[in-house]
Structures are given as C-alpha cells and as structure tokens.
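First residue of the sequence shown: 156, per our numbering; consecutive thereafter.
From the three backbone atoms N, C-alpha and C, an ideal C-beta is built for every residue, glycine too.
Accompanying notes for the structure given below.
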Amino acid sequence: MPQTRWRWRGCVPAGGRSPEDTRDAILEAARRLFLTDGLQVTLARVASEAGVSKGGLIYHFGSKEDLVTALAVRMVHEFRHEVEERVEADDAGPGRLVRAYVRVSVDPAADQTLAQERQALEVILGTVAEVHEIWRADSRWWKDALATDGLPELTRDLVIAAADGVWATVEWGDPYPPGRTEALRDRLLALTHEWGE
C-alpha cells in the first residue's frame, strides 16, 4: 500500500513565533537532529536547536515519545496535503485522487535529497512501536480513500503500486531520468482513463 511521503516546509524564523510556528520549529529541529544523530538526541538539544527553552519544548511535547509521534503524524499529513493540492479542479471523473497521487509520486522534479532524508527518517522513527500504528492507520486511510475514488480495484492497485515503485527509485538514489519519469507518469495517468474502454 502507499508509502508515507512528505516534503518538509522548512524551519520558520526564530523571532516572534506563534505557538504553531514554535511547534513547527521544534519538529523541524527534531527532524534534522534525528537524521544526523538518531533518536538518542536529548530534548534539551532539540530545544536548543529550535531556539526555545526545554520548558517551552515540554509545553508543546510532553515527552520524547510525543515528539516522535508528532513528527510521524506530520509526515503523514504533509503527504496527504500534497496529494490534495494536486487534485485538478476540473477533474470530476473517477480516479481523480489516484491521478493526484500519481502526480505527486511520479514527479520528474522530485528532490532526491529530500526523498532520501524522508526515507531515512521513516526508518529511524519506525523503531518506535507507536509510529508503526501511525503508519498502519495511514495505510488504512489511503485504502479507504482510494477505494471510493471510482476506479476498478485492479486498475487502482496497479497504478498505485507502479507510482510507489517509481517513487522508491528516487528514495534509493537511482531515479529514472526526467524524460522517462514523465513518460511513466503520463502512462499511469492514461491508465486511469482507459479502464472503461
């Protein structure tokens, strides 16, 4: 089923942050530190990296487990949001969500470094049992959402599996060249229209 994917928005400026900006800054700091040093990073170090006191961090995330699970949830929501943004306004036919999923997953302009960082972070966070449940819940969410998208099950599963496979080549650092990626994307999109022919 679909893998969790994300594109991080980046850290916000340090001065005059709203509570949401502070949460984002803490999550971004945790992301960077977990990628370089793993989950053994202390909350004090995350707080320092985010430019907040440890008490300020604890106000938003009561424990390291809360911080880790919040980061996993953020990754899930970032990808969902990105797919929702790629649903075309004039696309009212069956498969519109699948097509948006393909546009995000089979993207010739995908940032290979971000994709590899995301994969590494998934592995690091995946050592926490609570994160496995977040991934499973996300997989169930996608199954339900895609099941109501109007495509026959076999077509839908084939297109999604192929899109995930193309994305995996980016994650593993061996992406298809742009021309090939565009051709694969266009063929997968075409498949979502051809099923009734």
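- Contact between residue 324 and residue 330 is confirmed by a C-beta separation of about 5 Å, below the 8 Å threshold.
- Contact between residue 231 and residue 293 holds, since their C-beta atoms are separated by about 5 Å, short of 8 Å.
- Counting along the chain, the unbroken alpha helix (DSSP H) around residue 224 starts and ends at 219-240.
- Short of 8 Å from the beta carbon of residue 252, and not among the five residues preceding or following it, lie these beta carbons of its own chain, in chain order: 238, 242, 300, 301, 304.
- Membership of residue 256 in the alpha helix (DSSP H) is indicated by the continuous run 251-260.
- One Cα belongs to residue 235, the other to residue 244, and the distance between them is close to 17 Å.
- With a threshold of 16 other beta carbon atoms within 10 Å, residue 285 falls short and is exposed.
- Cα atoms of residue 248 and residue 345: separation of roughly 13 Å, rounded to the nearest angstrom.
- The beta carbons of residue 283 and residue 223 sit closer together than 7 Å.
- Here residue 205 is not near residue 261, since their CB atoms are 7 Å or more apart.
- In chain order, 260 place their CB closer than 6 Å to the CB of residue 322, counting only its own chain and leaving out the 5 sequence neighbours on each side.
- About 13 Å separates the beta carbons of residue 182 and residue 198, which is beyond the 8 Å limit, so they are not a contact pair.
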